[in-house]
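Novice: Counting from 59, one number per residue, gives the positions in the sequence shown under the numbering used here. Backbone N, C-alpha and C fix where the C-beta goes; we use that ideal spot for every residue, glycine too.
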Amino acid sequence: MTHHNSKRFFIGGNWKMNGTREAATLLANELVTAFEPLAMSVDAAIFPPFPYLQHIGGILRGSGLMLGAQQVSADANGAFTGQVSAEMLLDIGVEIVIIGHSECRQLLAESDELIGEKVAIAVSTGLSVMLCVGETWQERQAGHTEAVCRRQISAALKGIHLDHMGAIHIAYEPIWAIGTGRSASPQDAALSHASLRKDIEDLYDPSLAAATRILYGGSVNPANATSLFAQPEIQGALVGGASLKAADFASILRSASQATSSRPN
Ligand code: PEP
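1. Between the alpha carbons of GLU291 and HIS251, how many angstroms are there, rounded?
2. Just the Cα atoms here: how many angstroms apart are LEU215 and SER143?
3. State the DSSP-derived secondary structure class of THR60, mapped to helix, strand or coil.
4. Could you tell me which of SER99, PRO264, THR203 and THR78 sits nearest to SER123, measuring between CA atoms?
5. Put HIS227 into one of helix, strand or coil per three-state DSSP.
6. Using only the alpha-carbon positions, how far apart do ARG245 and ALA132 sit?
7. Out of ALA205, ALA295, SER265 and ASP221, state which residue places its alpha-carbon closest to the alpha-carbon of ILE236.
8. Measure the Cβ-Cβ separation of GLN210 and ASP149 and say whether it is below 8 angstroms.
9. I want to check one thing, is the minimum distance from the CB of ILE310 to the heavy atoms of the ligand PEP below 7 angstroms?
10. For PHE307, collect the residues of the same chain with a Cβ closer than 7 angstroms to its Cβ; drop the 5 residues on either side in sequence, then sort them by chain order.
11. Taking just the CA atoms, how far does SER309 sit from GLN164?
12. Determine which residues share a DSSP beta bridge with ILE154 and list them.
13. Do ILE114 and ALA82 have their C-beta atoms closer together than 8 angstroms?
14. Is GLU80 buried or exposed, if buried means 16 or more other CB atoms sit within 10 Å of its CB?
15. Report the residue from ALA268, SER186, HIS202 and ILE157 whose alpha carbon sits nearest the alpha carbon of ALA213.
16. For ASP227, count the other beta carbons within 10 Å of its own beta carbon; 16 or more makes it buried, fewer makes it exposed. Which is it?
17. Between the Cα of ALA288 and the Cα atoms of GLY276, GLN316, LEU311 and GLY120, which residue gives the shortest distance?
18. Per DSSP, ALA288 forms a beta bridge with which residues?
19. Considering only the alpha carbon of each residue, which of THR183, LEU254 and ALA242 lies closest to ALA205?
20. Are the Cβ atoms of ILE104 and SER160 separated by less than 8 angstroms?
21. CB-CB under 6 angstroms to ALA229, same chain, minus the five flanking residues each way: which ones, in chain order?
22. Going by the C-beta, is VAL278 closer than 7 angstroms to any heavy atom of the ligand PEP?
23. Can you tell me whether TYR110 is helix, strand or coil according to DSSP?
24. Please report the straight-line C-alpha distance between SER186 and LEU118, rounded to a whole angstrom.
25. Which value, in whole angstroms, describes the spacing of the CA atoms of ALA137 and GLU145?
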């Protein structure tokens with residue numbers, strides 16, 4: 059099987075429930091231009107809101123920027139009003155889907171088990187997955203960060219065969235750092251990444267764990283990206299707020315490109 063090159067950074071832009079069709083069009087066009095000189099050195103995806111996916115997909119075509127969705131149903135089809143299936147996403151050109159975002163865990167009460175079902179149907183349908191895990195501030199204060207992440211990743215990957223792991227990226231997103239302007243320190247992020255990598259090693263094997271890209275998410279911006287990317291445990295970022303500004307997201311992409319070229323093979 060082929061594992062992706064974990065040296066290459068992956069940068070995701072999660073637009074959440076923001077923008078209009080006009081703003082999304084403008085942003086996507088600016089990102090296509092900014093990504094052109096970086097496409098050879100960085101992997102990147104943007105995650106627009108559902109109604110704009112197909113339209114933005116047309117703008118991204120041929121750019122190397124991947125089209126991502128923010129959510130997917132755990133079911134294949136049927137009486138699930140308001141839900142969108144993995145097959146539908148694939149059908150309109152989506153390549154990757156965010157699963158387990160803390161906003162969905164909290165606001166939609168998504169359980170570890172449901173998230174596991176979503177990961178399973180996504181990868182078996184042929185989508186890549188951005189699997190989000192992370193602790194609350196209270197859990198961190200209580201010293202439970204590693205245990206919480208282990209519980210989340212174990213449940214999410216339950217039943218996922220080794221052959222599908224090449225399609226799964228992990229985003230370590232401490233909940234207290236999301237949308238707060240308060241990023242985890244590069245050192246704290248690296249510790250959590252190392253612990254998650256050990257969890258993957260225990261669930262699968264060391265070579266798969268080494269090849270799995272673990273991204274950091276939580277208030278990443280142009281000012282802190284370089285120091286986060288200097289940590290060898292960090293292979294990219296999932297970016298919320300700063301992904302809505304083309305110049306900021308482009309700056310983070312450039313930091314990732316520079317960090318990639320300074321890493322040993
Ligand atoms: C996110 O939504 O995944 C995220 C990390 O948001 P922000 O960058 O705004 O903290």
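Specialist: Result, derived from the coordinates:
1. 6 angstroms
2. 19 angstroms
3. Only weak support exists for where THR60 lies, its pLDDT of 41 falling under 50; the coordinates are left without a value.
4. The identity of residue 123 in the sequence shown is Leu, whereas the question assumes Ser. Measuring from the Cα of LEU123, the nearest candidate turns out to be SER99.
5. strand
6. Going by the sequence as given, residue 245 is Gln instead of Arg. Near 35 angstroms, if we compare the C-alpha coordinates of ALA132 and GLN245.
7. ALA295
8. no
9. no
10. GLY71, LEU89, VAL297, ALA300 and SER301
11. 30 angstroms
12. GLY126 and SER186
13. yes
14. exposed
15. ILE157
16. It should be pointed out that residue 227 corresponds to His in this sequence rather than to Asp. Buried, since its Cβ has 16 or more Cβ neighbours within 10 Å.
17. GLN316
18. Looking at the DSSP assignment, ALA288 forms no beta bridge with any residue, so it has no partner.
19. LEU254
20. no
21. MET188, CYS190, LEU273, GLY275 and LEU296
22. yes
23. helix
24. 17 angstroms
25. 15 angstroms
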